[in-house]
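Notes follow the structure.
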Amino acid sequence: MIDPCEHPPKLPLIAPSILAADFANLGDDCRAALDAGADLLHVDIMDGHFVPNLSMGPAVCDAVRKACPDAFLDVHLMVTDPWAYFSPFVDAGANLVSFHIEVCESAQHAIELADEIRGLGCRPGIVINPPTDAKALMGTLEAFDLILVMSVNPGFGGQAFIPEVLKKTEWIRPQLAAHQRLEIDGGINLNTAQAAIEAEFDTLVAGSAIFGKPRKQWASIIEQLRSSKVR
Ligand code: DX5
Ligand code: ZN
59 MIDPCEHPPK LPLIAPSILA ADFANLGDDC RAALDAGADL LHVDIMDGHF
109 VPNLSMGPAV CDAVRKACPD AFLDVHLMVT DPWAYFSPFV DAGANLVSFH
159 IEVCESAQHA IELADEIRGL GCRPGIVINP PTDAKALMGT LEAFDLILVM
209 SVNPGFGGQA FIPEVLKKTE WIRPQLAAHQ RLEIDGGINL NTAQAAIEAE
259 FDTLVAGSAI FGKPRKQWAS IIEQLRSSKV R
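For the working numbering, add 58 to where a residue sits in the sequence shown, where the first one is 1.
Right under this line is the structure:
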């Protein structure tokens, strides 16, 4: 398994979002994405409250873990009360669990939640929505292994990329240590990946750009996303 926070072999890392996979053949799709060169799998959890959609719960994460025992599972909690789900997702095989700064009462609260996740033997991540100022993360960055900047308003795959979020890296990136990943999520495809890489994101989530295409194209798409800087 590649641990994205420990000497990743190559950057940027590509994280297919399984939200866009064929749920009737989820294990197969996940294995095929990894075989096609994906570095980790991004698992989107929606509660119908923090976002206006429902997606999957721990049982689905557990099924993906069983289908892909060596995959790094990056679980993105788009839920109002993430603390209720840390344990169930760690038990279901999550390697990293991220939650939104928008549901935290304060920086201290976010740090306490990060410690809780770490205490379960899992890596913590923090997520910020497009309308939220990057400085909302002030005082919290050090506590996290992954900072996830949303480039769409969360809730659905296949939305248009919001380029204004790219400037958040100017404030975030200089504060990060080598082991901390800076991930972008939403609307990443062959047209937008280059701008994300140039803005110094090192982990790209892509759902419909990969799973929305025929399986035989996935390896080429993943390689093109990764090398977008030199295209
Ligand atoms: C949005 C999710 C994303 C989504 C990305 O709410 O957090 O991970 O699956 O999908 P695409 O790549 O299709 O925008
Ligand atoms: Zn996501």
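Don't be surprised by glycine CBs; every beta carbon is placed ideally from N, CA and C.
DSSP beta-bridge partners of Ile-123:
In the sequence shown, counting from the first residue as 1, residue 123 sits at position 65. The identity of residue 123 in the sequence shown is Arg, whereas the question assumes Ile. Answer by DSSP bridge pairing: none, since Arg-123 is not bridged.
Just the Cα atoms here: how many angstroms apart are Arg-88 and Glu-222?
Along the sequence shown, one-based indexing puts residue 88 at 30. Along the sequence shown, one-based indexing puts residue 222 at 164. Looking at the sequence shown, residue 88 is not Arg but Cys. Cα to Cα, Cys-88 sits roughly 31 Å from Glu-222.
For Phe-81, write down the residues that DSSP places opposite it in a beta bridge.
Position 23 of the sequence shown holds residue 81. Looking at the DSSP assignment, Phe-81 forms no beta bridge with any residue, so it has no partner.
Taking only three categories from DSSP, how would you classify Arg-289?
What you label residue 289 is simply residue 231 of the sequence shown in a count that begins at 1. The predicted position of Arg-289 is uncertain, since its pLDDT is 47 and thus under 50; no value can be drawn from it.
If you draw a straight line from the C-alpha of Val-109 to the C-alpha of Gln-217, how long is it?
As a working mapping, residue 109 is identified with position 51 in the sequence shown. As a working mapping, residue 217 is identified with position 159 in the sequence shown. Roughly 14 Å separates the two Cα atoms.
Measuring only from the beta carbon, is Ser-285 closer than 7 Å to any heavy atom that is part of the ligand ZN?
Here the question's residue 285 lines up with position 227 in the sequence shown. Result no, Cβ not under 7 Å from the ligand ZN.
According to DSSP, Gly-183 sits in a beta bridge with which residue or residues?
Along the sequence shown, read from residue 1 onward, the residue named residue 183 stands at position 125. Ser-156, Leu-204, per the DSSP bridge assignment.
What residue range is occupied by the uninterrupted beta strand (DSSP E) comprising Arg-176?
Within the sequence shown, residue 176 is the residue found at index 118, counting from 1. Segment 165-177 is the alpha helix (DSSP H) holding Arg-176; no beta strand (DSSP E) there.
Residue(s) in a DSSP beta bridge with Thr-261:
Translated into the one-based positions of the sequence shown, residue 261 becomes position 203. Thr-261 is bridged to Leu-71, Glu-241.
Counting only C-beta atoms, is Val-223 closer than 8 Å to chain D at any point?
Included in the structure is just one protein chain, with no chain D present.
Measuring from the CB of His-107, is there a heavy atom of the ligand DX5 at a distance below 7 Å?
By one-based count along the sequence shown, residue 107 stands at place 49. It does not: the Cβ of His-107 is nowhere closer than 7 Å to a heavy atom of the ligand DX5.
Can His-158 be considered in contact with the ligand DX5, in the sense that its beta carbon sits closer than 7 Å to one or more heavy atoms?
Mapped onto the sequence shown, residue 158 falls at position 100. The answer is no for His-158.
Determine, using beta-carbon pairs with one atom in the stretch 261-281 and one in the stretch 203-217, whether at least three such pairs fall under 8 Å.
Flag = yes, the stretch 261-281 and the stretch 203-217 touch.
With hydrogens ignored, establish whether the beta-carbon of Ser-164 is closer than 7 Å to any heavy atom of the ligand ZN.
For the purposes of this step, residue 164 is taken as residue 106 along the sequence shown, with counting starting at 1. Result no, Cβ not under 7 Å from the ligand ZN.
Applying the criterion that 16 or more other CB atoms from any shown protein chain within 10 Å of the CB defines a buried residue, is Ser-278 buried or exposed?
Along the sequence shown, read from residue 1 onward, the residue named residue 278 stands at position 220. Exposed: under 16 other Cβ atoms inside 10 Å.
Could you check if Ala-264 belongs to the surroundings of the ligand DX5, using beta carbon to heavy atom distance under 7 Å?
The residue labelled residue 264 in the question sits at position 206 within the sequence shown. Within the cutoff, so yes.
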